[in-house]
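Which chain is which? The protein sequence lines are G and R, in order. To get this note's numbering, take the position in the first sequence, counting from 1, and add 2. To get this note's numbering, take the position in the second sequence, counting from 1, and add 91. Worksheet for the structure shown next.
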Amino acid sequence: MTAMLQPDRSKADARALLSRQSFVAALRGYVLDDLAAAMRHAYESEIEPAFERTHERPPRTQDEVHAAMQQSAAFKLYSSIRVNAQEMVWRSVIPAAQTDLAGPEHAAADTTAAHLGSLTLDPALALPANVAGIEVHLMPGGYAPDASALAGAIYDRGLAVFAAGMMGRNQDDIGLSMAHYVKYRFADFRPRRILDCGATVGHNSVPWAVTFPDAEVHAIDVSAAVLAYGHHRAQALGVPVHFRQMDATRLAYPDASFDVVFSSMFLHELPVADIERFFTEARRVLRPGGLLLNMELPPNRELAPYDQFYLDWDRYYNEEPYYRAYRDQAPEELVAAGGFTRGSYFQFVVPQYSYMPDREFAAAVCAPPAIGQQTGRLSSGVQWFGFGAWNRP
Amino acid sequence: MSGTPLDTAGPRQRFFEAESIDHLVTMVLELAAEVWAVRERLYIIEKEAEHLGLALGSAVAGHAFTAQEQAELAEMRRCMLANILRTVGRKHRDPPDFSGAETVHTD
């Protein structure tokens with residue numbers, strides 16, 4: 003990890019802040035593994051049987067599961083501790099990020115490192131309603147408060163604590179896993195221009211440039227703050243990425259100008275109508291034979307009611323207003339609404355690239371696992387869900 | 092540069108019947124984080140004292156964990172969390188019901 007991504011240890015009480023971050027990361031890991039398992043056990047051993055005694059059937063929907071769970075101590079404690087952990091993520095990184103980015107060394111970095119990639123901001127771009135005024139992920143002030151890099155630094159450092167060591171060395175495992183999936187699953191496909199939409203700080207854009215070093219990687223987001231930070235982040239990692247402030251539903255790129263349009267954990271931040279607009283735009287800018295690829299949470303229809311409830315917890319308690327509406331959709335229908343042919347749709351599950359030998363991952367993508375309890379659920383052993391479509395007539 | 096608030100703007104989610112319990116959960120977790128920071132600092136001091144003598148201040152500030160130390164700390168964190176959250180999953184008895192007390196003990 004680069005020095006830029008770390009708190010400056012020379013600052014007062016930086017050690018205590020680092021200790022707090024490691025504690026919060028451990029707390030997150032405990033919640034997502036141990037407390038989640040305890041809550042599931044409580045459901046299976048007590049709450050579901052009690053529901054069946056009352057209704058003479060098991061719960062049919064996640065709402066029925068949720069209503070039953072809300073009365074249980076297991077749910078209350080899990081949820082309360084998880085919300086507190088989420089708040090503590092941000093509280094553990096904001097003070098150091100504010101101090102570090104106010105220092106002269108950061109101003110110097112603004113002017114000297116301009117040789118890798120690029121940064122293009124659009125001050126006239128209005129924040130869409132799904133971003134403006136929403137403190138997504140309970141992030142104080144939101145991730146797009148202004149054009150300074152501060153919110154980007156907070157987002158990146160917060161993500162490192164949030165990930166609890168489960169999302170790769172630079173929180174880049176999703177990008178690495180998706181890019182390597184393409185590399186090994188479609189070995190004859192050689193993308194030359196790749197577009198990452200809703201890229202925030204580019205933590206999943208950089209892996210595409212690493213995996214396909216001959217390709218030109220572009221990353222867009224509506225937030226100037228995350229792009230400004232992401233540009234320096236990519237430079238600090240020595241990877242060229244072209245960051246540009248842009249709305250994915252109104253791409254400013256010409257027709258047929260990319261081989262891959264990618265997104266990760268982005269669609270669930272959008273209203274459904276905007277997802278369809280994004281896919282329409284994605285198809286427009288893809289070259290014939292190009293690939294739309296999205297890493298996302300698995301659709302609700304493929305999960306049992308409890309697992310639907312568990313994944314949609316964020317909708318109700320983590321400031322994710324569009325989360326469930328997206329997960330209630332059928333991905334192939336959204337893709338078709340964007341103009342992709344139905345026969346070109348595919349979906350898949352992959353293990354985490356960062357935590358297994360390259361050769362094993364290559365073998366795994368040729369015999370991918372089915373959607374299960376670990377799919378999309380951040381915890382030890384998580385597997386990522388993805389879907390996409392080829393741009394064919 | 093404008094200051095970033097530490098808290099979100101809206102009301103917090105309440106999970107327990109009594110709001111005070113939500114506050115207590117926060118207090119306990121914040122206390123745990125503070126205790127952890129102290130424990131980790133002590134751990135570093137002890138390690139540095141072993142290796143570097145009395146020049147502890149700068150040594151602590153610049154200490155970089157070895158892989159083994161990171162593993163030890165990870166286990167310590169896990170044990171600490173297990174202690175603090177030890178009641179999760181256990182049952183609680185209802186309070187004694189005196190509304191229809193049938194026996195009064197006078198001794």
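Glycine residues also receive a C-beta, built at the ideal position from the N, C-alpha and C atoms. Fair warning: this is a prediction, and the values are worked out from it, not measured in the lab.
Identity of the residue in the options nearest residue i by Cα
i	options	result
V241/G	S381/G, D223/G, Y255/G, L118/G	L118/G
S21/G	L97/R, A128/R, G94/R	A128/R
E125/R	D15/G, P301/G, I277/G	D15/G
A162/R	P96/R, E121/R, D98/R, Y134/R	Y134/R
T63/G	A254/G, N302/G, S94/G, A98/G	N302/G
D309/G	A27/G, M90/G, E66/G	E66/G
G200/G	Q237/G, K185/G, A146/G	A146/G
L115/R	A75/G, P51/G, L121/G, S82/G	S82/G
G160/G	D175/G, W92/G, L103/G	W92/G
E321/G	P130/G, P142/G, F25/G, S24/G	P142/G
Y231/G	Y347/G, P60/G, D158/G, A28/G	D158/G
F191/G	A166/G, S207/G, V262/G	V262/G
G388/G	R252/G, A332/G, T202/G	A332/G
P371/G	A126/G, P359/G, Q385/G	Q385/G
A39/G	N393/G, G390/G, Q375/G	Q375/G
A87/G	L19/G, F25/G, P61/G	F25/G
A18/G	A155/R, A150/R, D98/R, E131/R	E131/R
CB contact below 8 Å: residue i versus chain R
i	result
A306/G	no
R30/G	no
E48/G	no
F25/G	yes
L34/G	no
L294/G	no
A109/G	Note that A109/G scores 42 on pLDDT, short of 50, meaning its location in the model is unreliable; the coordinates nonetheless yield the value given after this. No, because no Cβ of chain R sits closer than 8 Å to the Cβ of A109/G.
S21/G	yes
L152/G	yes
P142/G	yes
A18/G	yes
R93/G	yes
Q375/G	no
I176/G	no
M169/G	no
Q354/G	no
E271/G	no
I156/G	yes
M267/G	no
S136/G	Inspection of the sequence shows that residue 136/G is occupied by Ile rather than by Ser. It does not; no Cβ of chain R falls within 8 Å.
Q173/G	no
M90/G	yes
Q385/G	no
I96/G	yes
Q100/G	yes
Chain G contact for residue i (CB, 8 Å cutoff)
i	result
Q104/R	yes
L172/R	yes
T157/R	no
L97/R	yes
E160/R	no
E163/R	no
L122/R	no
A100/R	yes
A150/R	no
M92/R	Because M92/R carries a pLDDT of 41, less than 50, the predicted location of this residue cannot be relied on, and no value is offered for it.
E131/R	yes
A128/R	yes
E166/R	no
Beta-bridge pairing of residue i - partner residues as DSSP gives them
i	result
V219/G	I196/G
T122/G	R246/G
L253/G	DSSP output for L253/G lists no bridge partner at all.
E388/G	Inspection of the sequence shows that residue 388/G is occupied by Gly rather than by Glu. Paired residues: M297/G, F350/G.
V263/G	L197/G, L294/G
Looking at chain R, which residues of the segment 308 to 341 of chain G have a Cβ within less than 7 Å of any of its Cβ atoms? Y319
Return the chain-ordered ranges of every beta strand (DSSP E) run that is complete within the segment 342 to 382 of chain G and spans a minimum of 3 residues. 347 to 352
Ranges of the alpha helix (DSSP H) found wholly within the segment 110 to 185 of chain R, counting only runs of at least 4: 110 to 143, 147 to 152, 158 to 175
Give the residues from the segment 134 to 145 of chain R that approach chain G closer than 7 Å (Cβ to any Cβ), ordered along the chain. none
Quick one: complete alpha helix (DSSP H) runs, 4+ long, within the segment 279 to 319 of chain G? 307 to 313, 315 to 319
Interface positions of the segment 53 to 85 of chain G facing chain R (Cβ-Cβ less than 9 Å), listed along the chain: Q72, A75, A76, F77, K78, L79, Y80, S81, S82, I83, V85
Taking only runs that begin and end inside the segment 164 to 213 of chain G, name each unbroken beta strand (DSSP E) of 3 or more residues, in chain order. 195 to 199
What alpha helix (DSSP H) runs, 4 residues minimum, are completely inside the segment 40 to 108 of chain G? 50 to 57, 64 to 72, 75 to 103
Against chain R, which members of the segment 234 to 258 of chain G pass a CB distance test of less than 9 Å? none
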